[in-house]
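Enquirer: Residues 16 to 201 (this note's numbering) make up the sequence shown, in order.
Take this structure first; my questions come after.
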Amino acid sequence: MKTRNRGEEFVSQKLFKYVEALSNWDSKDILAGLTGQRVEDPFGEDASRTPSGFTPPTRTDLALAFAALIGIGQFPVSARAQLMALTPCAYPDTALHTKVAVLPVPTAPLTPERFEGIVLSQEWASVVNVFGAEEIGRSPETLLHDSAVTALQQFGVPAAAVFRVQRIGSEQAPERYFERGKVCLL
Numbered sequence: 016m017k018t019r020n021r022g023e024e025f026v027s028q029k030l031f032k033y034v035e036a037l038s039n040w041d042s043k044d045i046l047a048g049l050t051g052q053r054v055e056d057p058f059g060e061d062a063s064r065t066p067s068g069f070t071p072p073t074r075t076d077l078a079l080a081f082a083a084l085i086g087i088g089q090f091p092v093s094a095r096a097q098l099m100a101l102t103p104c105a106y107p108d109t110a111l112h113t114k115v116a117v118l119p120v121p122t123a124p125l126t127p128e129r130f131e132g133i134v135l136s137q138e139w140a141s142v143v144n145v146f147g148a149e150e151i152g153r154s155p156e157t158l159l160h161d162s163a164v165t166a167l168q169q170f171g172v173p174a175a176a177v178f179r180v181q182r183i184g185s186e187q188a189p190e191r192y193f194e195r196g197k198v199c200l201l
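Structure representation (structure tokens):
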């Protein structure tokens, strides 16, 4: 995948090309890319980087990058008048540069509306706070109450995937990516 979008229009200059290329792949090739059995990077160059930030900068399979971009598009961003926008699942939520991402691990498919409801909930915010703080050696500001765990489990979310977020590059154009994560039961 080529580095960043350099001011290009995202849908027509990047996402549409991914869709067009993937439309010629059969389901076995797509599954192999999603599971890491192959890496087919038709848009990559020598300095290839993933645009999604879900892997360290390297050659990235097109199916995997497409799935990550569609997935990240499901995250609501809450604009705030006085502060920077709030991104669910990011810890700490007051920092410009996220240090940890805490994502829900559902046991059944979720509708986009249900996913949004979960990641915007106070219950999930407490999960992010506790696991995010623990990941970087801080004390959580709040506790994870049994009622929050029960509510999330009733929605089919018994666990969280916790990832440190690495920041590299220059101050003017920092790049972020997820390090290898771990699954934590609620």
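Positions of the beta carbon are idealized from the N, C-alpha and C atoms, including for glycine.
Taking the beta carbon of F81 as the centre, do at least 16 other beta carbons fall within 10 Å, making it buried, or is it exposed?
Expert: Within the sequence shown, numbered from 1, the residue matching residue 81 stands at position 66. Buried, since its Cβ has 16 or more Cβ neighbours within 10 Å.
Enquirer: Look at the Cβ atom of V120, then the Cβ atom of A176, and state whether they are nearer than 9 Å.
Expert: Taking the first residue of the sequence shown as 1, we reach residue 120 at position 105. Taking the first residue of the sequence shown as 1, we reach residue 176 at position 161. For V120 and A176, yes; Cβs fall inside 9 Å.
Enquirer: Mind reading off the beta-carbon distance from N144 to P127? Whole number of angstroms is fine, and I expect it under 8 Å.
Expert: Within the sequence shown, numbered from 1, the residue matching residue 144 stands at position 129. Within the sequence shown, numbered from 1, the residue matching residue 127 stands at position 112. With 8 Å as the limit, N144 and P127 do not qualify as a contact, their Cβ atoms being about 24 Å apart.
Enquirer: Between E55 and D41, which are expected to be in contact by the criterion C-beta below 8 Å, what is the C-beta distance as a whole number of angstroms?
Expert: In the sequence shown, counting from the first residue as 1, residue 55 sits at position 40. In the sequence shown, counting from the first residue as 1, residue 41 sits at position 26. Contact flag wrong, Cβ pair sits at about 12 Å.
Enquirer: May I ask you to report which of helix, strand or coil DSSP gives V26?
Expert: Walking along the sequence shown from the start, residue 26 turns up at place 11. Here V26 sits in helix by DSSP.
Enquirer: Assign F146 to buried or exposed, taking buried as 16 or more other Cβ atoms, counted over all protein chains shown, within 10 Å of its Cβ.
Expert: In the sequence shown, the residue the question calls residue 146 occupies position 131. When all chains shown are included, F146 counts as buried.
Enquirer: Which same chain residues end up closer than 7 Å to E194 when comparing Cβ atoms and leaving out the 5 residues on each side of it in sequence?
Expert: Here residue 194 is taken as the residue at index 179 of the sequence shown, counted from 1. Correct list, in chain order: F178, R179, Q181.
Enquirer: Which runs of the beta strand (DSSP E) spanning at least 3 residues fall entirely within the stretch 95 to 163, listed in chain order?
Expert: The stretch 95 to 163 contains these whole beta strand (DSSP E) runs: 115 to 120.
Enquirer: DSSP has R8 in a bridge; who is on the other side?
Expert: Only positions 16 to 201 of the chain appear in this structure, which leaves residue 8 out of reach.
Enquirer: What's the call for L167, buried or exposed, on a 16-neighbour Cβ count within 10 Å?
Expert: If you number the sequence shown from 1, residue 167 lands on position 152. L167 is buried by the Cβ-count criterion.
Enquirer: Is S141 near L158, with beta carbons less than 9 Å apart?
Expert: Position 126 of the sequence shown holds residue 141. Position 143 of the sequence shown holds residue 158. It is a contact, given that the beta carbons lie within the stated cut-off.
Enquirer: With distance defined between alpha-carbon atoms, name the residue in L30, A188, P57, F90 nearest to G132.
Expert: On the sequence shown, position 117 is the one that residue 132 refers to. Nearest of L30, A188, P57, F90 to G132, Cα basis: F90.
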